[in-house]
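In the numbering used here, the protein residues as written are 54 to 976. The structure appears below as structure tokens.
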């Protein structure tokens with residue numbers, strides 16, 4: 054027999070406690086980080102967090118817990134975490150201050166980007182940890198509201214050189230931040246399990262029954278403490294009663310429910326009030342109890358049974374107690390409790406009051422539906438998109454008027470789409486479409502279907518729905534119709550060859566038939582220019598497109614217009630071969646994304662700006678932006694082809710890495726329907742193979758990309774690669790056809806880039822006297838542009854041409870210039886090609902020496918580049934999504950490794966190409 058023993062102790066977690074002790078030492082030393090503790094209910098996660106808190110000597114500790122009933126309320130747990138640190142809010146950069154203040158309802162303002170909120174939280178906690186090490190403990194993370202979950206995951210991934218630690222306790226593998234070190238709690242060992250069971254016994258227990266409990270509890274501490282309470286006398290005597298076969302968490306909850314049902318009715322009602330009121334506010338509990346005529350004495354049996362304690366806060370013994378209480382009640386009892394809570398919840402918390410009223414509703418309720426709609430608008434204004442969607446969905450369900458219900462269902466669908474819940478959005482759209490006929494609502498519904506398709510597949514399924522929506526808007530709202538036509542055109546461009554029956558030509562024709570804008574703005578001019586170019590060719594479209602691009606570079610745009618259209622205006626600049634306008638637009642988009650924290654768009658903005666750096670020969674800057682794009686893509690889960698990463702590998706001539714990346718990206722882009730990515734990848738492959746002298750492979754890649762010439766800038770640029778590869782492969786007819794196609798895209802553009810590339814390609818096919826003049830023209834035109842990689846390639850081709858004509862002295866001059874430029878840029882494939890040509894021309898080349906940055910890590914290089922450009926630590930932190938203290942940590946290491954003491958010295962010490970803006974005259 055096992056007999057009753059001593060009270061339970063914290064058994065069997067020595068290794069886990071030691072791990073946390075070491076982790077605390079690491080955080081204390083300034084190398085912060087996050088940990089996730091996973092395990093089934095009752096396994097001891099909360100007890101382990103108690104140990105972390107109890108042993109955090111010298112730390113400031115903030116503890117928060119998520120509650121299942123609050124998963125639809127915006128930023129609830131995040132507010133718990135940040136409230137003790139809000140005094141440091143004024144030390145953050147203004148955009149971060151604004152984002153967090155709006156999210157917490159402290160001030161009105163523009164809806165904050167969810168990742169800017171995360172960056173602000175990182176800055177706030179880092180600032181607080183600067184004066185004293187800080188640990189934030191978040192229990193029951195499986196119930197975090199989406200806004201809190203996203204912000205805290207951001208912080209977990211970006212803690213760097215600061216004494217800041219985050220600990221998450223959660224049940225399921227899919228909850229909590231991904232990619233963070235994890236500790237999975239399993240059951241206690243047999244000896245510890247028996248000792249814990251012994252401490253929980255209140256009567257003697259048969260040895261065989263004790264063994265059975267220990268085995269079936271699988272070492273779960275809460276099960277070992279709780280299951281004996283649910284056993285009958287027969288079970289204690291010899292295990293003769295049948296055992297419940299449900300899963301262990303269910304059995305534990307069933308045990309709690311049995312204990313609840315044995316309590317007096319008033320006590321059960323008081324427990325139900327506590328379970329339905331997730332804030333744990335004891336004053337609110339007693340006010341609601343008063344509404345239900347429940348006396349204070351009702352708490353005594355529950356507290357005596359150890360189910361909860363009521364002090365300043367109401368604390369359940371375990372979340373399973375809360376769920377057991379709530380599930381044990383009838384629907385009518387729950388509604389009565391929620392009604393009482395709604396009555397006593399004050400005007401300072403209108404959203405929680407509205408939610409209680411919604412839970413108390415028995416049928417259609419127009420007043421409650423309207424209140425929920427107001428809560429949805431408040432949540433949306435704070436950036437709580439998921440909360441707004443939940444409020445509006447419930448509002449639609451309670452709305453008695455069919456037309457109002459349809460409008461609210463559409464609004465809920467829009468919020469679900471913005472929150473990434475696309476299946477739920479489509480379900481709500483179906484509800485909205487069952488409402489009374491309304492043309493505006495039908496147009497908005499079609500538009501939302503197109504936007505969902507675009508979010509899911511980058512255009513291949515979006516253009517048809519967007520085109521239908523645009524046509525519906527035409528008789529209702531001309532400005533809106535044109536905006537949606539431009540969205541459809543953008544979707545068709547991104548879908549490219551994967552666009553199916555609704556390709557760019559059809560979309561352009563439909564847009565050409567749309568009503569004209571009464572007062573054209575930059576987006577209207579862009580729509581007109583792109584559709585004209587698609588429909589009638591470059592000669593007709595270039596003047597209109599040039600006007601549109603000029604408007605985007607000079608016109609004041611709303612933030613929404615910048616986020617939506619600057620990338621497309623940059624695409625138009627690429628069609629015009631206008632590197633200057635493209636640089637202005639791409640830089641503006643990137644800065645706008647960084648300042649507003651628009652991380653959902655930032656990967657595309659970073660990749661676009663990186664493309665310009667590649668063409669300028671600034672591969673280090675391109676590498677920094679490629680890393681930013683990859684970081685943010687991983688963080689946001691955005692499905693975007695790795696444009697910057699692939700382009701960088703191609704320009705560097707990294708054959709194996711680039712080929713593998715292109716293969717993977719091709720498969721992924723095809724699955725997403727992102728046809729423009731296929732054209733880009735084939736253009737990048739052509740650059741790679743031309744650089745490494747694999748002309749047959751370059752020919753095939755360029756041929757595929759060039760087939761998309763016209764409205765696809767990568768297809769246009771691929772024609773130049775096709776001319777070079779075809780000439781080198783001995784296919785002059787193919788080269789001649791490609792040249793004709795290239796000239797159709799360049800002749801009306803009147804830019805140095807267009808004229809230089811066209812002259813170089815003509816030179817490749819021209820007879821000797823004319824060829825030399827064309828090479829010189831190409832050099833002269835490209836020298837005054839920012840596309841220095843094209844200038845270096847022209848030096849190489851001209852030098853090759855001179856060598857083949859035995860004009861070795863002049864050939865060496867150009868080959869040497871090309872070789873030095875390629876080395877400086879880091880374009881190793883082209884550098885080797887030029888070195889080989891120089892050797893054939895009779896000149897020994899210098900060995901390629903590693904740049905002084907070779908000893909820097911990737912993050913240190915990124916910090917160094919920005920510091921050399923003059924950015925402050927705070928600005929660098931915002932751009933790299935780390936804290937200012939982490940920037941300082943990396944910068945000190947950079948200074949030490951490069952043996953400099955100032956930013957000015959740093960700029961001089963870095964490779965020339967990092968800050969290069971111009972190339973000297975041709976020798």
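The beta carbon of each residue, even a glycine, is placed where N, CA and C say it ideally should be.
| Query | Result |
| --- | --- |
| Cut-off 6 Å between Cβ atoms - residues of its own chain near residue 404, not counting five sequence neighbours on either side | 428 |
| For residue 877, three-class secondary structure by DSSP | helix |
| Option in 810, 804, 781 with minimal Cα separation from residue 793 | 810 |
| Contact set for residue 867: own chain, Cβ-Cβ below 7 Å, skip 5 residues either direction | 848, 851, 852, 855 |
| CA-to-CA distance, residue 744 to residue 111, given in whole angstroms | 58 Å |
| Rounded separation between residue 602 and residue 420 - CA only | 50 Å |
| Paired residues, beta bridge with residue 368 - DSSP | 362 |
| Cα-Cα separation between residue 197 and residue 604, rounded to whole angstroms | 45 Å |
| Check: residue 925 C-beta below 8 Å from any heavy atom of the ligand ADP | The ligand ADP is not part of the structure shown, which contains no ligands of any sort. |
| Coil, strand or helix - residue 557 by DSSP | helix |
| Proximity below 9 Å, CB of residue 374 to CB of residue 382 | no |
| Reduced DSSP category for residue 981 - H, G, I as helix; E, B as strand; rest coil | Summary: the structure shown does not reach residue 981, with the chain confined to residues 54 through 976, and so no result is reported for it. |
| C-alpha distance - residue 218 paired with residue 909, whole-angstrom precision | 26 Å |
| Residue span of the alpha helix (DSSP H) that contains residue 237, given as start and end | It is not in any alpha helix (DSSP H) - residue 237 instead sits in the beta strand (DSSP E) that spans 235 to 237. |
| Completely contained beta strand (DSSP E) runs for the segment 120 to 193, where each covers 3 or more residues | 187 to 192 |
| 9 Å Cβ cutoff met for residue 736 and residue 758 | yes |
| DSSP three-state assignment for residue 117, whether helix, strand or coil | strand |
| Buried/exposed call for residue 67, threshold 16 Cβ in 10 Å | exposed |
| Reduced DSSP category for residue 88 - H, G, I as helix; E, B as strand; rest coil | strand |
| Distance between beta carbons of residue 466 and residue 451, contact taken as under 8 Å | With 8 Å as the limit, residue 451 and residue 466 do not qualify as a contact, their Cβ atoms being about 17 Å apart. |
| With 16 other Cβ atoms within 10 Å as the buried cut-off, status of residue 976 | Here residue 976 scores only 32 on pLDDT, less than 50, and its place in the model should not be relied on; the value that follows carries that caveat. Residue 976 is exposed by the Cβ-count criterion. |
| Straight-line gap, residue 612 to residue 148 (C-alpha atoms, nearest Å) | 14 Å |
| Touching by the beta-carbon criterion (3+ pairs, under 8 Å), the segment 121 to 134 and the segment 92 to 112 | no |
| Beta-bridge partners of residue 198, as assigned by DSSP | In the DSSP output, where bridge partners are listed per residue, residue 198 has none listed. |
| Three-state class that DSSP yields for residue 203 in the structure shown | helix |
| Rounded Cβ spacing between residue 158 and residue 435 (contact assumed at less than 8 Å) | 6 Å |
| contact_flag[the segment 811 to 829, the segment 784 to 803] where n(CB pairs < 8 Å) is 3 or more | yes |
| N- and C-terminal bounds of the alpha helix (DSSP H) containing residue 767 | 766 to 781 |
| Close-in-space but distant-in-sequence residues of the same chain around residue 956 (CB under 6 Å, 5 per side omitted) | 920 |
| Whole-Å CB distance - residue 697 paired with residue 722, under 8 Å assumed | No, residue 697 and residue 722 are not in contact; Cβ-Cβ is about 15 Å, not under 8 Å. |
| Presumed contact (8 Å Cβ cut-off) between residue 90 and residue 98, rounded CB distance | 5 Å |
| Three-way DSSP call (helix, strand, coil) for residue 334 in this model | strand |
| The alpha helix (DSSP H) enclosing residue 70, as first and last residue numbers | 67 to 81 |
| Distance between beta carbons of residue 156 and residue 165, contact taken as under 8 Å | 6 Å |
| Given residue 678 as reference, the closest of 643, 651, 710, 703 once Cα atoms are compared | 643 |
| Nearest candidate by alpha-carbon position, reference residue 228, set 214, 243, 205, 242 | 205 |
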